[in-house]
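Novice:
In the UniProt record's numbering, the protein residues as written are 1 to 217.
(1) With respect to the beta strand (DSSP E) encompassing residue 194, which residues constitute its N-terminal and C-terminal limits?
(2) Count the C-beta pairs between the segment 142–158 and the segment 110–124 that are closer than 8 Å, then say yes if the count reaches three, no if not.
(3) Quick check: what's the CA-CA separation for residue 142 versus residue 19?
(4) Quickly, what does DSSP pair residue 209 with across the bridge? List them, please.
(5) Quick one: what's residue 60 bridged to in DSSP?
(6) Distance check for residue 206 and residue 14, CA to CA, integer angstroms please.
(7) In chain order, which continuous runs of the alpha helix (DSSP H) of length 4 or greater are located wholly inside the segment 6–30?
(8) I'd like to confirm the pairing. Which residues does DSSP put opposite residue 34 in its beta bridges?
(9) If contacts are defined as beta-carbon pairs under 8 Å, then residue 58 and residue 83 qualify, I think. What distance do you get, rounded to the angstrom?
(10) List the residues that DSSP assigns as beta-bridge partners of residue 140.
(11) Note the first and the last residue of the continuous alpha helix (DSSP H) segment covering residue 116.
(12) Can you tell me whether residue 10 is buried or exposed? The criterion is at least 16 other CB atoms within 10 Å of its CB, across all chains shown.
(13) Under a three-way DSSP split, which group does residue 203 fall into?
(14) Indicate whether residue 140 and residue 74 have their beta-carbon atoms separated by less than 8 Å.
(15) Is there contact between the segment 108–123 and the segment 195–206, where contact requires at least three CB pairs shorter than 8 Å?
(16) Work out the CA separation of residue 3 and residue 105 for me, nearest whole Å.
(17) Have a look at residue 209 and residue 78 and give me their C-alpha separation to the nearest angstrom.
(18) Taking 7 Å as the limit between beta carbons, can you name the residues of its chain near residue 187, skipping five residues before and five after?
(19) Is the distance from the Cβ of residue 27 to the Cβ of residue 144 below 8 Å?
(20) Could you say which of 168, 157, 115 lies nearest to residue 130 if we only look at CA atoms?
(21) What first and last residue would you give for the alpha helix (DSSP H) that runs through residue 178?
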């Protein structure tokens, strides 16, 4: 199954939203923050979030395509310091939608939603450098796990990082940690998210990680 990595467009926003939700289901955040939110409202939030990311001048939104079937099997978001990719939106309608204020759906647990990102931000302040490349997000469609999708999406950014001699920073979920470790990332510190402190259930652990560039010639 050859995998092609290419830039995403607004026509893929719904597909990427579905992959996002399916890939991270059962890990804690979605279930805790959106316990009282309808599935279609969660989907619409994710879809609009992708439109915003596609419009962001410094965010590279990528899609992994199975060249045999033409299906989208994974996605990633990379941010390179000081580098602008420009908007990846081609229609005025999509650009207007992306520019609208993104309101969280009714029923969202704001304590969990805000607290999750605040914990990661506070932990990351000790390690994140302004000249780091950041892998914001990576997901593989659950039925395509183990076929090299994540590796292909990682290789896209790793090659550029080596060329630019920049470090890559990310926050790994427990399922994603083994792949990052195998591909050369090292663990910096764990960040524990205790959802019970905001009225939720359970906890989740993410690992802050960094990969130093390899010599490039």
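Quick reminder that beta carbons are idealized off the backbone N, C-alpha and C, glycines included. The structure displayed is predicted, hence computed values, not measured ones.
Specialist: Quick answer:
(1) 186–194
(2) no
(3) 8 Å
(4) 170, 187
(5) 78
(6) 26 Å
(7) 13–24
(8) Answer is none; residue 34 lacks a bridge partner.
(9) 6 Å
(10) 74
(11) 110–124
(12) buried
(13) strand
(14) yes
(15) yes
(16) 35 Å
(17) 15 Å
(18) 207, 209
(19) no
(20) 168
(21) 177–182
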